[in-house]
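Engineer: In this note's numbering, the protein residues as written are 594 to 1807.
Just so it is clear, CB atoms sit at the ideal spot from N, CA and C, and this is done for glycine as well.
Remember, predicted model here, so these are calculated numbers, not experimental data.
The structure follows.
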C-alpha cells in the first residue's frame, strides 16, 4: 500500500526527501558531541569535615550516625564510606528507577536528624550528586617567555582566567601553580620578650614595694605587741598594790571589829552578872519589903550602883555596836572595792587578751600574706607579662576588628537618606605596621604597635608550588563544563580562546595537556570516516553483484537519506553524537541497504522477467514488504530487553539500540517509498547482463546443497563440534570489562611514602620527567603536585605527583606501548608509578583489576585477614601490584586523654584538643588588605622557635581549674602520648568495617581468567565467623554486565521467535530460522580466537547484534521456500530453487554489512579500537552464518518440515 502510494505520488516522495535532507542537516549541526552517552549515575556523595579528628573519631562521631540515618532513604542499594583524618565521605548507590532529585530532598531531612548528634566542631555535611561532568574536560599549561611564575600568575589572574570564565558552557576554571601573594606578620619573640621584660621589671618594682610594706607592717605589729605587754604589766602591778592595800585595811577592820566584839562580850558578861546581881538584889529587897523590911541606903546605893553600872554597860554595848556597825560598813565597802578591783583585773585581762589575740591574728594574716606573696610571685610575673596577650589569635582578632568598614544604616532628613558608614579599612603596609595594639601604663612601654612585636612584609607561596611543563616552571589550568553543554563544543570554544590569547601575546604558550574535546572529535571523525568508507565499499559490492549502475545509484542514494532520517529521529529523541551512537550508525550503514537490496533485487528480477517498470516497482516491493518488515523488527527487537537491565549496560547501550532502530526504521520507510518510486522511473529500460562467474558459483552451490541434503548428519555434527569447541576455547581465554582505547594522552601518577620530604618528592618527579622525555613519541610532559582541583572529591595526596604525557600526532607506538616503556624506564625508582594509557579508560566505569573487600567488626582481625588474602592473591599467576589495603598508613603522635584526671582540672577532651591544636598551628589567617586594587590575605605566623615538637609536646602547659584556683598542668600529667602507625582511613561497606585488597593484572593475562583463579584460592581460605569477603572491582562489574547482556540475548531470541511466528503464522518455520543464531555465535567465537581478542562487553554486544541480523537471511530463505511450496513445488526442489534464487540478495546483504564494518574491524583510526571487538564478532558471525545458512537452514527445513503446506483460504462471505 505504501509502495503503491509512493509510485503514484512521486512528487510527494520528492518533497518528503527534501524535508528529511533539510531537517537532517540541521539536526546534524545542532547535535551535541560527547565521547559517551549522557549517564545519569545513581550515586550521591555526602562529605563532612571534622577538623582535627582522627579516622576513628570521624568514624564514630560522623560516619556512623550519618550511615544509620541515610540507610532508611528510599531506594538505597549500597552505602560505602571512607572515614579519614578530618573528613568523612559516604557514597550512596541507589536503584536505577529512583528519582534522584526527590532523593536529594529526602536525604537532606535525614542528614538534619543525624546532625543533632554531631559535636560542635563538625561542619555541615555537603551533599553532591555524582556526575561524569564533574571531571575536567581539559587540562592546559601556561608559560610566558621571559617571565617568572609570579609575573605569569598576574597575567593569568588578570587576563587568562577571566577570558576563560566568560565562555558559555565553562562551569569553573581551577588553577595549579599560581603564586599567591600575601602579607605575612611574623611574630618576633625577641621583641615580645623585650617588652615583656620591661613590664615585668615594673611589676618587680611594685612587688618590692609591696614586700617593704609587709615588712613595715610586721615591725609595727611587733612594737604593738611589746607596748601591750608593758602596759599590761604596769596595770597589773597597780592592781596588785591596790589589792594589797585593800587587804591590809580589810585586816585592820576585822581586827577592830574582833576587838569590839571581845569588848562587847566582856560588857555582855558584865551586864549579865550585874543583871543577875540586880535580880537577886531585887528579889531580896522584895522579900524584905514583903516582910516589911525597908531598903537600906547601902542596899539602895548598891542597887543604884548596879543600875548605873548596868546603864553604863548598856551604853558601852550600844557604843560598841554602833562602832562595830561602822566598821562592818567600812569592811563591806572594802569588799565592794575588792570586787571592783577583781572586776578590773578581769577586764584588764580580757582587754589584754583581746588585744593580744588581735595582734596574734594580725601577725598570722601578715605571715600568711607574706607566704602568699612569696608563693605567688612567679604567677604574678607570668600574669603580668604580655606574652599571652600578644598571641596570634589575639592579634588576628584585633586586626579583624580594626580592618573593618560596614554601613550602619541611613539617616532620614526630610526626603533625603544619608548612608552612615562606620570604620575604615587598612590600605597600606605602613598603616598595618603602625596599628596600635595595646596601651600599657608602664614606664618605658606605653603604646605597643604591630611593628613593635612583629615584622610585616609581602610574601608568596612560590616555594609551595610545583608545576612543570617539559621541565620548566609553569601554571596548569583545568576546566569543568556545565552539564547541559557538549564537551566538544566547550572544548572548541576554549581552544578558540587559547588561540586568541596567544595571538594577543606572542610570548604566551598555552598547551593542552588533556583535552577530551579534541579526543572526542578525533574519535568521532575516525568513526565517521569508517562509516563513509564502509558505505562506499557496500556500494561497490552492489555494483559488482548487480552489474548495473542504475539500481546501484538507487541504493546508494537511499543510504544518505536513511542516515539523515535517522539523525532527525536521534536529535528529537535527545540521542547525542557519541562513540556508541556512531557505532550504531556504522552498523546501520551495512544494514541500511539490506531492505533496499531486497526490494531493488526483487524489482530488478521482475523487470528482467519483462514486467513493466511501474508494475514491477509496486509488485516487487509489495512481495517482500512482509519479509523486510519482519527482518527489521527482529533486528530492532534485540535492543528491546535493554529496558529490563540496569547499570552500565543500560546506560551505555540505549543510544546504540535507539540509533540502530532509527536507522533501520528509516531504511524500511525508504525501501518501501523512495526505492520503488526511483525504480519506476530509472528502471524503465533495462538489459539483463549475464554474470558468468556468479552463475558458475550458483551451479556449484546447487550441487553442494544437494550433497548436504543427502548427508545431513555430517554437516550437523561438524556444526555442533565447531560451536562447542569455539565456545569453550573462547571462554577459556578469559574476558575483560571493556577494550582499551588508544590515545595521544597518557596519565602517570607517582606516589611516595608519607614521610618523604617535599624536596625529595620533586627531585623524583624531575627524574621521571627526564626519563619520559627520552621516549621519541613523547611531545609534552606536564607535572603538578597535589592536584586537588583535578580530583573528583576535591582532595589529593600531598606526597604524590600527577603527570600528563602528550604523545606526538604521528606517533609510531600505541599509547599502551609507550605506557609500557614508561613503566620500564621508571621501575628502578623508589616510588609507586601508576600509568593509565587512555584518558578515557572505560574500565573506570566499574573499577579495574581485582578487588576484594574484607568485612567485619574488629579492625585488627580485618587487617589480619586482609594480609592473608593479599598473600594468597600474590601467589596467583597474572597478579601484580598486590595491595593489602594497609599501605596508606602514617606515623602519628597519639594523645590519649585520661578523662578522669583531666576533669580534676575542669578540662574536657575537646578543651585539651583545642589547646594542643592552637599550639601546633604555625599560621593563622586573619583578614585581607586591598592595596592598589589587589587583595592580599593577611597571615600571622608564630616564631618558629616556639612551636611544638614531638619531643616537647608532653611539656605543653594547659590552663585548668582545681579547687577553685586556676592552675597550669603539663599535658603529660593528664594524657598518654605515644607514636604509632595508624590507618589513614577506615572503610565501611554497608555500615560494616572493611579493608579492600586489590591487585592489577599484567599484560600477559586478562582479568577474567585471573579472577577465576583468585576466587578458587579464596574459597579454600577459612574465614572466622562474622567476617566475609566480597569480590568487587572489574571482575564484579564484568559479572553484572555480562549477566545483563546474556539476559538481553536470551530475551532477544524469544522476541525474534515471536515476531517470526507472527510473520510466518507458524511455530515451526521460525524455529528453523533460529538455527542461524548458534551458527552466528560460532562464527563470532572463531573470529575472536583468530584475531586474539577476548570476550568483553563490546564483543558480547556483537553477539546480541548477530542474533537480530543473522535471522534476516533465514527469514528471506524460508519465506521464499514457503512461497514456492505453496505454488506447488516439491520440498527439496523448493529448497534448491530458493537457494539459487535467494543466494544473491543473501550474499549482497551480508557482504554490505561485512564491508560496512570492515574498517572498524581493522581498528583504523583513533577510537575505532573501542568498537573493534563488536565489528569483529559481527563480521565473523555473519560470514560463518551466511555461508552455513545456505546449507543448515535447508537441512533443518528438510528435517522438520514434513507436512505439505496448504494455503489458508478465506471465503468472500467472511
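Based on DSSP bridge pairs, tell me the residues matched to residue 672.
Structural biologist: Translated into the one-based positions of the chain shown, residue 672 becomes position 79. Answer is 685, bridged to residue 672.
Engineer: What three-state label does DSSP hand residue 1586 in the structure shown?
Structural biologist: Here the question's residue 1586 lines up with position 993 in the chain shown. It is a strand residue.
Engineer: Taking the beta strand (DSSP E) that residue 1049 belongs to, which residues open and close that run?
Structural biologist: The residue you call residue 1049 lines up with position 456 of the chain shown. Note, residue 1049: beta strand (DSSP E), 1047 to 1053.
Engineer: Would residue 1339 pass as a contact of residue 1408 if the rule is Cβ separation under 8 Å?
Structural biologist: Working through the chain shown from its first residue, we reach residue 1339 at position 746. Working through the chain shown from its first residue, we reach residue 1408 at position 815. Contact flag set, yes.
Engineer: Apply the 10 Å Cβ neighbour rule to residue 922 and answer buried if 16 or more other Cβ atoms are within range, or exposed otherwise.
Structural biologist: Translated into the one-based positions of the chain shown, residue 922 becomes position 329. Exposed, because fewer than 16 other Cβ atoms sit within 10 Å of the Cβ of residue 922.
Engineer: Could you pull the DSSP bridge partners for residue 1676 from this structure?
Structural biologist: Counting from 1 along the chain shown, the entry for residue 1676 is found at position 1083. Bridge partners of residue 1676: none, in fact.
Engineer: Are there three or more Cβ pairs, one per stretch, closer than 8 Å when the stretch 1550 to 1561 is compared with the stretch 1414 to 1424?
Structural biologist: Touching, no.
Engineer: Report the rounded CA-to-CA distance for residue 1130 versus residue 1607, giving the unit in angstroms.
Structural biologist: Within the chain shown, residue 1130 is the residue found at index 537, counting from 1. Within the chain shown, residue 1607 is the residue found at index 1014, counting from 1. Taking the straight line from one Cα to the other gives about 46 Å.
Engineer: What first and last residue would you give for the beta strand (DSSP E) that runs through residue 1012?
Structural biologist: Position 419 of the chain shown holds residue 1012. 1009 to 1016 is the span of the beta strand (DSSP E), which, as asked, contains residue 1012.
Engineer: Under a three-way DSSP split, which group does residue 1118 fall into?
Structural biologist: Counted from its first residue, the chain shown places residue 1118 at position 525. Reduced to three states, the DSSP call for residue 1118 is helix.
Engineer: With a threshold of 8 Å between beta-carbons, can residue 1726 be considered close to chain D, or not?
Structural biologist: The structure shown contains no chain D; it is built from a single protein chain.
Engineer: Is residue 1250 helix, strand or coil when you go by DSSP?
Structural biologist: What you label residue 1250 is simply residue 657 of the chain shown in a count that begins at 1. Residue state, collapsed to three classes: helix.
Engineer: Please list the segments of the alpha helix (DSSP H) lying wholly inside the stretch 1587 to 1657, counting only runs of 4 or more residues, in order along the chain.
Structural biologist: Fully enclosed alpha helix (DSSP H) runs of 4 or longer: 1600 to 1612, 1626 to 1657.
Engineer: Hey, residue 1230 and residue 1665: beta-carbon distance below 8 Å or not?
Structural biologist: The residue labelled residue 1230 in the question sits at position 637 within the chain shown. The residue labelled residue 1665 in the question sits at position 1072 within the chain shown. No, Cβ-Cβ distance for residue 1230 and residue 1665 is not below 8 Å.
Engineer: In whole angstroms, what separates the C-alpha of residue 1091 from that of residue 773?
Structural biologist: For the purposes of this step, residue 1091 is taken as residue 498 along the chain shown, with counting starting at 1. For the purposes of this step, residue 773 is taken as residue 180 along the chain shown, with counting starting at 1. Between residue 1091 and residue 773, the C-alpha separation is close to 23 Å.
Engineer: Please go through the same chain and pick out, in chain order, the residues whose beta-carbon is closer than 7 Å to the beta-carbon of residue 1583, but skip the five residues on each side of it.
Structural biologist: In the chain shown, counting from the first residue as 1, residue 1583 sits at position 990. Taken in chain order, the residues that qualify are 671, 672.
Engineer: List the whole-angstrom C-beta distance separating residue 1475 from residue 1488, where the pair is believed to meet the contact cut-off of C-beta under 8 Å.
Structural biologist: The residue you call residue 1475 lines up with position 882 of the chain shown. The residue you call residue 1488 lines up with position 895 of the chain shown. About 35 Å; that fails the 8 Å criterion.
Engineer: So what does DSSP say about residue 842, is it helix, strand or coil?
Structural biologist: Along the chain shown, one-based indexing puts residue 842 at 249. Three-state DSSP puts residue 842 in a helix.
Engineer: Judging by CA-CA distance, which residue of 1787, 1797, 1378 is the nearest neighbour of residue 1720?
Structural biologist: Stepping through the chain shown from its first residue, residue 1720 is reached at position 1127. It is 1797 whose Cα lies nearest to the Cα of residue 1720.
Engineer: Do residue 1084 and residue 1111 come within 8 Å of each other at the CB atom, strictly closer than that value?
Structural biologist: Here residue 1111 corresponds to residue number 518 of the chain shown, with the count starting at 1. Here residue 1084 corresponds to residue number 491 of the chain shown, with the count starting at 1. For residue 1111 and residue 1084, yes; Cβs fall inside 8 Å.
Engineer: Sorted by chain position, which residues of the same chain lie with C-beta nearer than 6 Å to residue 611's C-beta, five sequence neighbours on each side aside?
Structural biologist: On the chain shown, position 18 is the one that residue 611 refers to. Result list for residue 611: empty, nothing under 6 Å.
Engineer: Compare the C-alpha of residue 543 against each of 861, 648, 1447 and name the closest.
Structural biologist: This structure gives no information on residue 543, because the portion of the chain shown stretches from 594 to 1807.
Engineer: Drop a sphere of 10 angstroms on the beta-carbon of residue 1405, count the other beta-carbons inside from all chains shown, and report buried for 16 or more, exposed for fewer.
Structural biologist: Walking along the chain shown from the start, residue 1405 turns up at place 812. By the 10 Å Cβ count, residue 1405 comes out exposed.
Engineer: What's the C-alpha gap between residue 1398 and residue 1700?
Structural biologist: Translated into the one-based positions of the chain shown, residue 1398 becomes position 805. Translated into the one-based positions of the chain shown, residue 1700 becomes position 1107. One C-alpha to the other measures close to 42 Å.
Engineer: For residue 1019 versus residue 1000, is the C-beta spacing smaller than 8 Å?
Structural biologist: For the purposes of this step, residue 1019 is identified with residue 426 of the chain shown, where counting begins at 1. For the purposes of this step, residue 1000 is identified with residue 407 of the chain shown, where counting begins at 1. Taking 8 Å as the Cβ cut-off, residue 1019 and residue 1000 do not qualify as a contacting pair.
Engineer: Run the CB neighbour count on residue 1680, radius 10 Å, all protein chains shown included, and call it buried at 16 or more, exposed below.
Structural biologist: Mapped onto the chain shown, residue 1680 falls at position 1087. Answer is buried; the Cβ neighbour count reaches 16.
Engineer: Do you know how far the Cα of residue 842 is from the Cα of residue 916?
Structural biologist: Position 323 of the chain shown, counting from 1, holds the residue named residue 916. Position 249 of the chain shown, counting from 1, holds the residue named residue 842. Approximately 16 Å, taken between the alpha carbons.
Engineer: Within the stretch 1460 to 1538, note down every full alpha helix (DSSP H) run reaching 4 residues or more, in order along the chain.
Structural biologist: List check, alpha helix (DSSP H) in window: 1492 to 1497, 1502 to 1513.
Engineer: Measure how close the beta-carbons of residue 1579 and residue 649 come, nearest whole angstrom, since I'm counting them as under 8 Å.
Structural biologist: Along the chain shown, read from residue 1 onward, the residue named residue 1579 stands at position 986. Along the chain shown, read from residue 1 onward, the residue named residue 649 stands at position 56. The pair is a contact, with the Cβ atoms about 7 Å apart (cut-off 8 Å).
Engineer: Between which residues of its own chain and residue 707 is the CB-CB distance below 6 Å, once the five residues before and five after are set aside?
Structural biologist: Stepping through the chain shown from its first residue, residue 707 is reached at position 114. Correct list, in chain order: 658, 659, 662.
Engineer: Roughly how many whole angstroms lie between the Cα atoms of residue 1463 and residue 1631?
Structural biologist: As a first step, residue 1463 must be located in the chain shown, where it is residue number 870. As a first step, residue 1631 must be located in the chain shown, where it is residue number 1038. Roughly 22 Å separates the two Cα atoms.
Engineer: Smallest Cα separation from residue 614: which of 1156, 1255, 629?
Structural biologist: Looking up residue 614 in the chain shown gives position 21. Among 1156, 1255, 629, the Cα nearest to that of residue 614 belongs to 1156.
Engineer: Here's a check: name, in chain order, each residue in its chain whose Cβ is nearer than 8 Å to the Cβ of residue 1065, leaving out the five neighbours to either side.
Structural biologist: One-based indexing of the chain shown puts residue 1065 at position 472. The answer, listed in chain order, is 736.
Engineer: Where does residue 722 sit, in a helix, a strand or coil, going by DSSP?
Structural biologist: Start at 1 with the first residue of the chain shown, and residue 722 comes out as number 129. In this structure, residue 722 counts as strand in the three-state DSSP scheme.
Engineer: Beta strand (DSSP E) containing residue 760: first to last residue?
Structural biologist: As a working note, residue 760 is residue 167 in the chain shown. Run containing residue 760: none; DSSP gives neither H nor E here.
Engineer: Per DSSP, what kind of secondary structure is residue 1770 in: helix, strand or coil?
Structural biologist: Here residue 1770 refers to the residue found at position 1177 when the chain shown is read from its first residue. Residue 1770: helix per DSSP, three-state reduction.
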